[in-house]
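Sequential numbering from 0 applies to the sequence shown in numbering that gives the first Met the number 0. We put the CB at the ideal spot given by N, CA and C, even for glycine. Predicted model, so just to flag it, every value in this text is computed and none were measured. Below is one structure; the comments refer to it alone.
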Amino acid sequence: MTKLTKEQIEFAGSMTIKQRHVLRALAIYPNGWFMSASERADPELYELFRHRLVQCHHVCATGGLPSWGVTDFGKRIAERQAKGEC
């Protein structure tokens, strides 16, 4: 398992409430959620992608609608936040 980077840990400490809630929700539901156009365009949420805490994928069974889910890095950050470590 790859270790969290210093940048990911620092970002986790400075995440907004919105970012924390989204990451926690995605960590709870591993199958992910469909992404709305506003979520795709939100710079605050884009930071979760930039730090590799979430990823985007297309679900072929639903016509290729973009979905997003938590990465292993994101799951570990969400677990640390739940314990109050970040």
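For residue i, the three-state DSSP class (helix, strand or coil)
i   : result
L22 : helix
DSSP bridge partner residues for residue i (one or two, in chain order)
i   : result
Q54 : G68
F10 : DSSP output for F10 lists no bridge partner at all.
Distance between beta carbons of residue j and residue i, contact taken as under 8 Å
i   : j   : result
T15 : E38 : Actually they do not touch by this definition, with Cβ atoms about 14 Å apart.
V69 : L25 : 4 Å
Cβ-heavy atom distance, residue i to the ligand ATP, below 7 Å
i   : result
A26 : Absent from the structure shown: the ligand ATP. Ligands present: none.
Limits of the alpha helix (DSSP H) - the one that residue i falls within
i   : result
Y28 : From DSSP, Y28 is part of no alpha helix (DSSP H); its letter is neither H nor E.
S37 : A36 to A40
E84 : That residue, E84, is in no alpha helix (DSSP H); it is neither H nor E in DSSP.
K2  : Element bounds for K2: n/a, residue is neither H nor E.
Environment of residue i [buried if 16+ CB atoms lie within 10 Å]
i   : result
R49 : exposed
L87 : With the chain represented from 0 up to 85, any question about residue 87 goes unanswered, as that position is not in the structure.
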